[in-house]
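Colleague:
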Amino acid sequence: MLLLAVGLLARSFALDADPANHYIPEDIGYHVDEGYKTLAPRNLVRFGTTTAHPEDGYGDGWMSASPVTQWPYIYAFRWAGTTELTPARVVSLGYFLLVALALGYFVWVRWGGWFVPLAIGLFVADITLFHFSRSALFEMAIIGFMYLGLLLAFAERLRSGRVLSIAIVILVGAIASYYIKLSSAVYLLPAIGGMLGSAVVTSRRSGLIFTVAAALSILFLYSTSQAWLSRLELGQLSTWTVLQNDMHLLAPTTTILGYLGTILILRVKGLSETLKDGYHVALISIFVLTPLVLSLFAYDPLRYYAPAVPAGLLLAIEAIGVFRKRMDSAGGQGDWKSWLAMLLLCIPLATVIQNSFIEYVLPWLPFLQGENPGISEPVQKVLLPITVGGLICGMFVLHKHLSVTVSAALLATVALHFIICTAWQYRHLSAPTYDAQRIGNLLATIVKEGELVGGDWAPMLTAGTEVRAIYMDRHYNNAATIHTVKPRYFVDAGRADDEHNMSGMLARKDITVTEISSLGSFHGHELVLYELHFGGAG
Numbered sequence: 037m038l039l040l041a042v043g044l045l046a047r048s049f050a051l052d053a054d055p056a057n058h059y060i061p062e063d064i065g066y067h068v069d070e071g072y073k074t075l076a077p078r079n080l081v082r083f084g085t086t087t088a089h090p091e092d093g094y095g096d097g098w099m100s101a102s103p104v105t106q107w108p109y110i111y112a113f114r115w116a117g118t119t120e121l122t123p124a125r126v127v128s129l130g131y132f133l134l135v136a137l138a139l140g141y142f143v144w145v146r147w148g149g150w151f152v153p154l155a156i157g158l159f160v161a162d163i164t165l166f167h168f169s170r171s172a173l174f175e176m177a178i179i180g181f182m183y184l185g186l187l188l189a190f191a192e193r194l195r196s197g198r199v200l201s202i203a204i205v206i207l208v209g210a211i212a213s214y215y216i217k218l219s220s221a222v223y224l225l226p227a228i229g230g231m232l233g234s235a236v237v238t239s240r241r242s243g244l245i246f247t248v249a250a251a252l253s254i255l256f257l258y259s260t261s262q263a264w265l266s267r268l269e270l271g272q273l274s275t276w277t278v279l280q281n282d283m284h285l286l287a288p289t290t291t292i293l294g295y296l297g298t299i300l301i302l303r304v305k306g307l308s309e310t311l312k313d314g315y316h317v318a319l320i321s322i323f324v325l326t327p328l329v330l331s332l333f334a335y336d337p338l339r340y341y342a343p344a345v346p347a348g349l350l351l352a353i354e355a356i357g358v359f360r361k362r363m364d365s366a367g368g369q370g371d372w373k374s375w376l377a378m379l380l381l382c383i384p385l386a387t388v389i390q391n392s393f394i395e396y397v398l399p400w401l402p403f404l405q406g407e408n409p410g411i412s413e414p415v416q417k418v419l420l421p422i423t424v425g426g427l428i429c430g431m432f433v434l435h436k437h438l439s440v441t442v443s444a445a446l447l448a449t450v451a452l453h454f455i456i457c458t459a460w461q462y463r464h465l466s467a468p469t470y471d472a473q474r475i476g477n478l479l480a481t482i483v484k485e486g487e488l489v490g491g492d493w494a495p496m497l498t499a500g501t502e503v504r505a506i507y508m509d510r511h512y513n514n515a516a517t518i519h520t521v522k523p524r525y526f527v528d529a530g531r532a533d534d535e536h537n538m539s540g541m542l543a544r545k546d547i548t549v550t551e552i553s554s555l556g557s558f559h560g561h562e563l564v565l566y567e568l569h570f571g572g573a574g
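Numbering (the working numbering), first residue to last: 37 to 574.
As structure tokens, then:
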């Protein structure tokens, strides 16, 4: 409990600051999407309606599509008496607390009290959970429902049968998909598929289980097809894109822990026995298959990988528990299927190790690397088979003591996880920035009561102010329809959607665009404020 208290205290510090500039900087959505995802609740609390204008093309935002997130935001804003982002971020912190408490109890019953501080410590330290539990995005809500559902489905005290466990996961998936975000299905479909497959392969009542579970799964697939089918981009599919698991950019040590944990479980238990454990199958399916699914998407920002990250931590905990219980059991020593599974896992593990080295270690080595340190993609493609081959050779050389070797590597990575993630947390907490608040206060001095300010980033920058913001991108309140809303000002962040709308407004003869001033920098982008006049030049 002390570890959890320290973790909550750290997460509560500077909770009103900007998202960390150094964390996944290439994922702009992580840094600004809190604005439009909390916009409707903020408008409702501040102005009494979910929209800033009756003709607002963004409508009620996420109110209908994500009531599980929106209504807690509303209550949080009302309770706090402010529409700053802090109350909404506290909601995410609440999801983290619920998962951590449930995990502590689950691990205590499953493995004993010694594992509770290990499990809580891994979760508290993890850099992905740290940042997303401090953010008013939907990923933490998805994580909360996903893993609370999994822990419930496989709780020792309930002793759920296989069909019931699958049904619980499907039910949780349906709730998360239809009341948080439809893309939640992307994370739970691998778990459901893995559990269904293992049930069919290992159960004596495979026919009944297959019929019931397949019917439920097909229903779930069909009802969530909008989330995954429209996102598939098979034209970009290649061996290299499938191998490029971007999860390491969110949490390098956690990703390595997940693969090492999976290999250790397979080594100690063997593939056949692992398939009989629905909890292990669900975790492995989420952790291993989710990145493969996301690699097929045309749009897969780094934050989309966040809900799969806790599975890596849980696999590490399970691996340590299994190894401690059986020590250097023969397990799958003579089982070629187990060996095949472990060798296949060496491929993504090698990819993550190589990419993590290039991303986090190579730039710090003391030799001249030029302005852009790193290794080109063609060279990476040559090095990857060598890295994979090295891991596979090492497994064969150490096959007699492979369990001990992998467990030692796992524990070393656990130690590294605590050191690196704690350092990254300190880096953010020791130097928080408040650029969004500064720009919002500046806008509040320019925009008069009743006037509107539009832009892709406008909802983020106006949080906590009296300024009415209009969310503008290519689809909502764009240059073709903006005359119905007539915002007085437009914030240009220089991003693709802003440039699209700016060029569209400049091309219209009934809109005059005048630059007012620079608003300063936010997340490395210079923001410019423009005044809009509708109804012809002048």
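For glycine and all other residues, C-beta sits at the position ideal for the given N, C-alpha and C.
In whole angstroms, give me the CA-to-CA distance for Gly367 and Phe159.
Modeller: In the sequence shown, counting from the first residue as 1, residue 367 sits at position 331. In the sequence shown, counting from the first residue as 1, residue 159 sits at position 123. Any reading at Gly367 must be qualified, since the residue scores a pLDDT of 47, below 50, and its modelled position is unreliable; no value is offered.
Colleague: What are the boundary residues of the beta strand (DSSP E) that includes Tyr214?
Modeller: Working through the sequence shown from its first residue, we reach residue 214 at position 178. Element bounds for Tyr214: not the beta strand (DSSP E) but the alpha helix (DSSP H), Arg198 to Tyr215.
Colleague: Check for me: the beta strand (DSSP E) holding Ile60 runs from which residue to which?
Modeller: Counting from 1 along the sequence shown, the entry for residue 60 is found at position 24. Ile60 -> no beta strand (DSSP E), and no H or E assigned at all.
Colleague: Is the beta carbon of Ala212 less than 7 Å from the beta carbon of Ile156?
Modeller: Taking the sequence shown and counting its residues from 1, one reaches residue 212 at position 176. Taking the sequence shown and counting its residues from 1, one reaches residue 156 at position 120. No, the Cβ-Cβ distance between Ala212 and Ile156 is not below 7 Å.
Colleague: When you compare the CB positions of Ala172 and Leu121, do they come within less than 7 Å of one another, or not?
Modeller: Reading the sequence shown from its first residue, position 136 is the one you call residue 172. Reading the sequence shown from its first residue, position 85 is the one you call residue 121. Taking 7 Å as the Cβ cut-off, Ala172 and Leu121 qualify as a contacting pair.
Colleague: Considering Phe113, what are the terminal residues of the alpha helix (DSSP H) in which it resides?
Modeller: On the sequence shown, position 77 is the one that residue 113 refers to. Its alpha helix (DSSP H) spans residues Pro103 to Ala116.
Colleague: Would a check of beta-carbon distances place His437 closer than 7 Å to chain D?
Modeller: Given the protein chain composition of this structure (a single chain), no chain D is represented.
Colleague: So what's Ala505 in DSSP terms, helix, strand or just coil?
Modeller: Looking up residue 505 in the sequence shown gives position 469. Ala505: strand per DSSP, three-state reduction.
Colleague: Could you please give me the residues that DSSP links to Tyr566 through a beta bridge?
Modeller: The count along the sequence shown starts at 1 and reaches residue 566 at position 530. Looking at the DSSP assignment, Tyr566 forms a beta bridge with Phe526 and Glu551.
Colleague: Between which two residues does the alpha helix (DSSP H) holding Val127 run?
Modeller: Numbered from 1 along the sequence shown, position 91 holds the residue referred to as residue 127. Thr122 to Trp147 is the span of the alpha helix (DSSP H), which, as asked, contains Val127.
Colleague: Please check the pair Ala344 and Met283, which I expect to be a contact at CB under 8 Å, by giving their CB distance rounded to whole angstroms.
Modeller: For the purposes of this step, residue 344 is identified with residue 308 of the sequence shown, where counting begins at 1. For the purposes of this step, residue 283 is identified with residue 247 of the sequence shown, where counting begins at 1. Contact flag correct, Cβ pair sits at about 7 Å.
Colleague: Are the Cβ atoms of Leu338 and Leu285 separated by less than 7 Å?
Modeller: The residue you call residue 338 lines up with position 302 of the sequence shown. The residue you call residue 285 lines up with position 249 of the sequence shown. In this structure, Leu285 lies closer than 7 Å to Leu338 by Cβ.
Colleague: Helix, strand or coil: which one does DSSP assign to Gly180?
Modeller: Locating residue 180 in the sequence shown gives position 144, counting from the first residue. In this structure, Gly180 counts as helix in the three-state DSSP scheme.
Colleague: Given a cut-off of 7 Å, decide if Thr501 and Gly530 are closer than it, judged by their beta-carbon atoms.
Modeller: Here residue 530 corresponds to residue number 494 of the sequence shown, with the count starting at 1. Here residue 501 corresponds to residue number 465 of the sequence shown, with the count starting at 1. Taking 7 Å as the Cβ cut-off, Gly530 and Thr501 do not qualify as a contacting pair.
Colleague: Among Leu44, Glu62, Asp96 and Pro61, which residue has its Cα nearest to the Cα of Lys73?
Modeller: As a first step, residue 73 must be located in the sequence shown, where it is residue number 37. Nearest of Leu44, Glu62, Asp96 and Pro61 to Lys73, Cα basis: Asp96.
Colleague: With DSSP as the reference, label Phe190 as helix, strand or coil.
Modeller: Locating residue 190 in the sequence shown gives position 154, counting from the first residue. Coil, per DSSP.
Colleague: Can you give the beta carbon distance from Leu330 to Asp336, rounded, assuming they're within the 8 Å contact cut?
Modeller: Within the sequence shown, residue 330 is the residue found at index 294, counting from 1. Within the sequence shown, residue 336 is the residue found at index 300, counting from 1. Between Asp336 and Leu330 the Cβ distance is about 4 Å, and since that is below 8 Å, they are a contact.
Colleague: In three-state DSSP terms, what is Val521?
Modeller: Residue 521 sits at position 485 when you count from the first residue of the sequence shown. Three-state result, Val521: coil.
Colleague: Would you grab the beta carbon distance between Ser220 and Gly233 for me? Rounded to a whole angstrom, and I think it's under 8 Å.
Modeller: Within the sequence shown, numbered from 1, the residue matching residue 220 stands at position 184. Within the sequence shown, numbered from 1, the residue matching residue 233 stands at position 197. The Cβ separation is near 21 Å, so there is no contact.
Colleague: Ignore the nearest five residues each way along the sequence and tell me which others in Tyr575's own chain have a CB closer than 7 Å to its CB.
Modeller: The structure shown does not extend to residue 575, since the chain is modelled only from 37 through 574, so no value can be given for it.
Colleague: In or out: His316 buried (at least 16 other Cβ within 10 Å) or exposed?
Modeller: Position 280 of the sequence shown, counting from 1, holds the residue named residue 316. Result: buried.
Colleague: Does DSSP classify Phe558 as helix, strand or coil?
Modeller: What you label residue 558 is simply residue 522 of the sequence shown in a count that begins at 1. Strand.
Colleague: Please classify Lys417 as buried or exposed, where buried requires at least 16 neighbouring CB atoms within 10 angstroms.
Modeller: By 1-based counting over the sequence shown, the position of residue 417 is 381. Exposed, by the Cβ-count rule.
Colleague: For Trp147, count neighbouring Cβ atoms within 10 angstroms of its own Cβ and tell me buried if that reaches 16, exposed if not.
Modeller: Taking the sequence shown and counting its residues from 1, one reaches residue 147 at position 111. With 16 or more other Cβ atoms within 10 Å, it is buried.
Colleague: Given a threshold of 16 other Cβ atoms within 10 Å of its Cβ, counted over all protein chains shown, does Cys457 qualify as buried or as exposed?
Modeller: The residue you call residue 457 lines up with position 421 of the sequence shown. With 16 or more other Cβ atoms within 10 Å, it is buried.
Colleague: How should Ala355 be labelled, buried or exposed, when 16 other C-beta atoms within 10 angstroms of its C-beta is the threshold for buried?
Modeller: Within the sequence shown, residue 355 is the residue found at index 319, counting from 1. Label assigned to Ala355: buried.
Colleague: Tell me the residue span of the beta strand (DSSP E) that contains Val489.
Modeller: As a first step, residue 489 is located in the sequence shown; it is residue number 453 there, counting from the start. Counting along the chain, the beta strand (DSSP E) containing Val489 begins and ends at Leu488 to Gly491.
Colleague: Where does Gly230 land, buried or exposed, given buried means 16+ other C-beta within 10 angstroms?
Modeller: By one-based count along the sequence shown, residue 230 stands at place 194. Gly230 should be labelled buried.
Colleague: Contact between the region 294-305 and the region 375-390 is defined here as three or more beta-carbon pairs at a separation below 8 Å; is this criterion met?
Modeller: Because the criterion of three Cβ pairs below 8 Å is met, the region 294-305 and the region 375-390 touch.
Colleague: Specify, as a first and last residue, the run of the alpha helix (DSSP H) that Ile292 falls within.
Modeller: One-based indexing of the sequence shown puts residue 292 at position 256. Element bounds for Ile292: Pro288 to Lys305.
Colleague: Report buried or exposed for Asp546, applying the criterion of at least 16 other Cβ atoms within 10 angstroms of its Cβ.
Modeller: The sequence position of residue 546 within the sequence shown is 510, counting from 1. Asp546 should be labelled exposed.
Colleague: Taking the CB atoms as reference points, tell me whether Pro495 and Leu38 lie closer together than 7 Å.
Modeller: Stepping through the sequence shown from its first residue, residue 495 is reached at position 459. Stepping through the sequence shown from its first residue, residue 38 is reached at position 2. Against a cut-off of 7 Å, the Cβ pair of Leu38 and Pro495 comes out as no contact.
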